[in-house]
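Residue numbers (my numbering), protein chains in the order written: chain A, 1 to 95; chain B, 96 to 327.
One structure is given below, encoded as structure tokens.
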Amino acid sequence: QDSTPQAFTVNLDLAPAQRWGHVVIKFSKLAKDAHKVIASLVPEDAIPLVEEIGSELDSYLPLEYADEMRGIATAMNASLGDIVLVNLAYDITAF
Amino acid sequence: CTSIVCQDSKGQIWHARNLDYSYGDILRSITIKVDFQKGGQTVYTGVTFAGYVGLLTGQRPQAFTVTVDERDQGQWWMNLLIAILDQTAKPLSLLVRDVLATSPTYADAVEVLSSTDTEADAYFIVGGAKSGEGVVITKSRIGADDLWYMNEAAPGWFVVETNYDHWVLPPTDDNRRDPAVNAMKAMGQGNISVTSLYNVISTHPVLNNKTVYSIVMSAAQPTALASWIRTP
């Protein structure tokens with residue numbers, strides 16, 4: 001049976017790091033599942049390059065989105081590297 | 096993925112899509128619809144995944160709708176190399192979110208999506224709020240390879256994009272294009288609605304085991320947006 005996606009509001013008037021916390025805390029399994037996806041989809045050789053991007057996030061991504069990812073990592077108690085990897089996975093796997 | 100932009104007999108533009116990806120079970124469980132608001136007003140809406148800040152599907156009310164279909168070209172390291180060396184290049188989903196946030200019109204969105212460097216190749220499918228506004232942008236990492244406008248695509252009132260360049264035949268083992276085109280023709284321009292477009296994108300193999308979610312939207316009628324998490 002089809003279902004309807006849960007609906008949320010993201011308030012762009014908030015600081016970027018504060019925007020997604022109320023969303024991601026509703027998905028407690030997300031961090032574990034994300035690990036599973038990352039491990040299987042992203043080529044192993046790509047991981048160090050993504051870690052490079054993660055460690056210098058502000059140099060590679062617009063600050064607003066980098067801060068949103070930091071806020072998500074904090075709210076989920078996940079590593080920033082994993083969140084960055086999840087957010088880049090679509091581009092990395094498009095080959 | 097499959098994306099369709101079409102124009103009904105009254106000139107209203109509609110946009111339908113299936114998002115197909117691996118690990119559907121996981122992605123279905125974290126698929127969400129988000130209204131991005133400023134001052135209590137929705138600036139744009141997207142269907143995305145919890146924890147994913149970019150958008151592969153979105154609508155800016157009274158302006159345009161946009162979806163991304165994967166265009167598998169080159170090697171993974173090319174995408175990362177562009178990311179590291181070309182700091183003007185953007186991840187696809189962040190570019191889409193930028194465009195939804197800042198482009199006031201269909202024409203502006205098409206221009207920005209066509210001309211911005213991206214970390215990967217892709218197809219951007221854009222529908223407008225005015226009659227005639229529909230295009231498939233075949234995007235290379237740097238620049239656009241092709242812009243295919245709806246009125247250039249026979250029969251002239253819709254355009255279908257899956258994951259292959261429109262000027263080549265899709266592979267026989269992944270031909271979702273022809274079933275989608277046939278379903279659109281069977282529906283007819285005079286019968287376009289949320290329900291009929293849902294039926295088109297529910298046609299096998301347009302709907303398939305990898306389909307995570309479906310959406311039907313219209314920038315000119317933003318409240319018509321409907322989305323479904325699929326269980327093929």
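C-beta atoms are modelled at their ideal positions from N, C-alpha and C, and glycine is treated no differently.
Every value quoted in this text rests on a predicted model; they were computed, and no experiment measured them.
- When B:Q107, B:V295 and B:P317 are compared, the shortest CA-CA separation from B:S309 is found for B:V295.
- A direct Cα-Cα distance of roughly 31 Å separates B:T326 from A:G81.
- Less than 7 Å divides the Cβ of B:I324 from the Cβ of B:T126.
- For A:R19, there is no enclosing alpha helix (DSSP H), as DSSP gives it neither H nor E.
- At least 7 Å separates the beta-carbon of B:W109 from that of B:I232.
- Pairing A:V24 with B:W262, the inter-Cα distance amounts to about 41 Å.
- Taking C-alpha positions only, B:Y218 is separated from B:D181 by approximately 20 Å.
- No Cβ of chain A is located within less than 7 Å of the beta carbon of B:N277.
- Spanning the alpha carbons of B:L114 and B:D164 requires a straight line of approximately 8 Å.
- Around the beta-carbon of A:A7, fewer than 16 other beta-carbon atoms lie within 10 Å, marking it exposed.
- Under the Cβ distance rule, B:S322 counts among the residues neighbouring chain A, one pair being separated by less than 7 Å.
- With its beta carbon at least 7 Å from every one in chain B, A:V84 lies outside the interface.
- Note that the C-beta distance between B:P265 and B:Y259 is below 7 Å.
- In this structure, B:V138 lies near B:F131, with their beta-carbon atoms less than 7 Å apart.
- Judged by DSSP in its simplified three-state form, B:Q182 adopts coil rather than helix or strand.
- A direct Cα-to-Cα measurement between B:R192 and B:T267 gives close to 34 Å.
- Segment contact: the segment 60–73 of chain A against the segment 159–174 of chain B, fewer than three CB-CB distances shorter than 8 Å; contact not assigned.
- Between A:L30 and A:M76, the beta carbon gap of about 6 Å places them in contact (Cβ cut-off 8 Å).
- Classified as exposed, B:P199 has fewer than 16 neighbouring CB atoms from the shown chains inside 10 Å of its CB.
- DSSP places B:L292 outside any beta strand (DSSP E); the residue lies instead in the alpha helix (DSSP H), whose first and last residues are V289 to I296.
- When beta bridges are read from the DSSP output, B:R155 appears opposite B:F159.
- Across the structure, A:D67 and A:I92 are spaced so that their CA atoms are roughly 21 Å apart.
- B:Y308 has B:L114 and B:I324 as its beta-bridge partners, per DSSP.
- Beyond the five residues adjoining it in sequence on each side, B:L150 comes within less than 6 Å, by CB distance, of G141, T143, S188, V191 and R192 in the same chain, given in chain order.
- About 6 Å separates the CB atoms of B:V148 and A:N87; that is less than 8 Å, so the two are in contact.
- B:S117 sits exposed, since fewer than 16 C-beta atoms from the chains shown fall within 10 Å of its C-beta.
- Taking C-alpha positions only, A:V42 is separated from A:E56 by approximately 20 Å.
- Against chain B, the beta carbon of A:Q1 has neighbours under 9 Å at T326, listed in chain order.
- In this structure, B:T298 lies away from B:A321, with their beta-carbon atoms at least 7 Å apart.
- Here B:E256 carries a strand assignment [DSSP, helix/strand/coil].
- Residue pairing for B:Y139: DSSP places it in a beta bridge opposite B:F131.
- Going by DSSP, B:L242 is part of the beta strand (DSSP E) stretching over A239 to Y244.
- Looking at the DSSP output, B:G229 sits in a beta bridge with B:G222.
- Nearest Cα to B:S124 within the set B:G238, B:A145 and B:P317: B:A145.
- Cβ neighbours of B:D240 within its own chain (closer than 6 Å, five residues either side excluded): T233.
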